[in-house]
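Peer 1:
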Amino acid sequence: MLKRVLMFSTIVLLAAQVAVASDREDDATRTRKAAQVFKEIMDTPDRGIPQDLLQSAKCIAIIPGDVKFALVFGGSYGRGVASCRISHGWSAPMFVAIEGGSVGYQIGGSSTDLIMLFMNDPALHSLLSDKFKLGADATVAAGPVGRKAAASTDLKLNAEILSYSRSKGIFAGVSLHGAVVQADKSGDQAAYGDNVDRHEILDGKVPVPESAMGLIQELRDYGR
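This note's numbering puts the first residue of the sequence shown at 55, with every later residue one more than the last.
#1: Taking 7 Å as the threshold (C-beta atoms), are Y218 and G197 in contact?
#2: Does S145 pass the burial test, meaning 16 or more other C-beta atoms within 10 Å, or should it be called exposed?
#3: For S137, count neighbouring Cβ atoms within 10 angstroms of its own Cβ and tell me buried if that reaches 16, exposed if not.
#4: With C-beta atoms as the reference, is V234 less than 7 Å away from D167?
#5: Quick check on this structure: which residue in S221, V228, L182 has the alpha carbon closest to the alpha carbon of Q236?
#6: In angstroms, rounded to a whole number, what distance separates the CA positions of H253 and K259?
#7: Report the residue from A190, L107, V150, Y276 whose alpha carbon sits nearest the alpha carbon of F244.
#8: Who are the Cβ neighbours of I270 in its own chain at under 6 Å, not counting the five residues just before and after it?
#9: Which residues does DSSP list as the beta-bridge partners of K87?
#10: Per the DSSP calculation, T166 is bridged to which residue(s)?
#11: Who are the Cβ neighbours of E272 in its own chain at under 7 Å, not counting the five residues just before and after it?
#12: In or out: G223 buried (at least 16 other Cβ within 10 Å) or exposed?
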């Protein structure tokens, strides 16, 4: 019995490693898809992210729903990119992953896109850590929707991270409480080399790769 348990655990661990492995082609696909998701959401009349929130956000993370979805230990798992505001626009993307059974990343075969706004310095520090849990290590709230909708003062002051989802064409704020966000180091290494430093990426010290130019332009257009 013990042998079977060990064999099963080994198989699951190997599957998890395959799920999180990344290469340059994966990075390019993920980044282009993130740009597409963001543009589609922001182009939806009166159903996008409020402009004032986007303009005051420190960073944004976009998890495209149909890029490398995998089941890891029975939970949901997805990979995406994060970019932070810098003096001359937005940084090159850092690669991130999110997992957790409560995420609802894919339910009944319906793919779900996720967006997170990091609103202050504590949220930024969480993003730069190896791993953090939403609702425990960083406060998270469902973000308001509507291009012209005025976000409440309490929401802007108290929530470190605002989260959204789009499933079956419906975009809305969603609580990601309990989900775990972590750095996708294999993605960073594939894009920028083995000696990459996540702080340097989000500080704007790493050049934006050609595959990410579309994403950065979309962020500049809507989040300037």
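For glycine and all other residues, C-beta sits at the position ideal for the given N, C-alpha and C.
Peer 2: Taking the definition as stated:
#1: Position 143 of the sequence shown, counting from 1, holds the residue named residue 197. Position 164 of the sequence shown, counting from 1, holds the residue named residue 218. Yes, the Cβ-Cβ distance between G197 and Y218 is below 7 Å.
#2: On the sequence shown, position 91 is the one that residue 145 refers to. Buried is the call here.
#3: Locating residue 137 in the sequence shown gives position 83, where the first residue counts as 1. The residue in question, S137, is buried, as its Cβ has 16 or more Cβ neighbours within 10 Å.
#4: By 1-based counting over the sequence shown, the position of residue 234 is 180. By 1-based counting over the sequence shown, the position of residue 167 is 113. No, the Cβ-Cβ distance between V234 and D167 is not below 7 Å.
#5: Working through the sequence shown from its first residue, we reach residue 236 at position 182. Comparing Cα-Cα distances from Q236 to each of S221, V228, L182, the minimum goes to L182.
#6: Within the sequence shown, numbered from 1, the residue matching residue 253 stands at position 199. Within the sequence shown, numbered from 1, the residue matching residue 259 stands at position 205. Their backbone Cα atoms lie some 9 Å apart in a straight line.
#7: Taking the sequence shown and counting its residues from 1, one reaches residue 244 at position 190. Sequence inspection shows Ala at residue 244; the Phe mentioned does not correspond to that position. Nearest Cα to A244 within the set A190, L107, V150, Y276: V150.
#8: Mapped onto the sequence shown, residue 270 falls at position 216. Counting only Cβ-Cβ distances below 6 Å, and skipping sequence neighbours, we find W144, V262.
#9: As a first step, residue 87 is located in the sequence shown; it is residue number 33 there, counting from the start. Bridge partners of K87 according to DSSP: none are assigned.
#10: As a working note, residue 166 is residue 112 in the sequence shown. DSSP lists S221 as partners of T166.
#11: Taking the sequence shown and counting its residues from 1, one reaches residue 272 at position 218. Contacts found: A89, F92, K93.
#12: On the sequence shown, position 169 is the one that residue 223 refers to. The C-beta of G223 has fewer than 16 other C-beta atoms within 10 Å across all chains shown, which makes the residue exposed.
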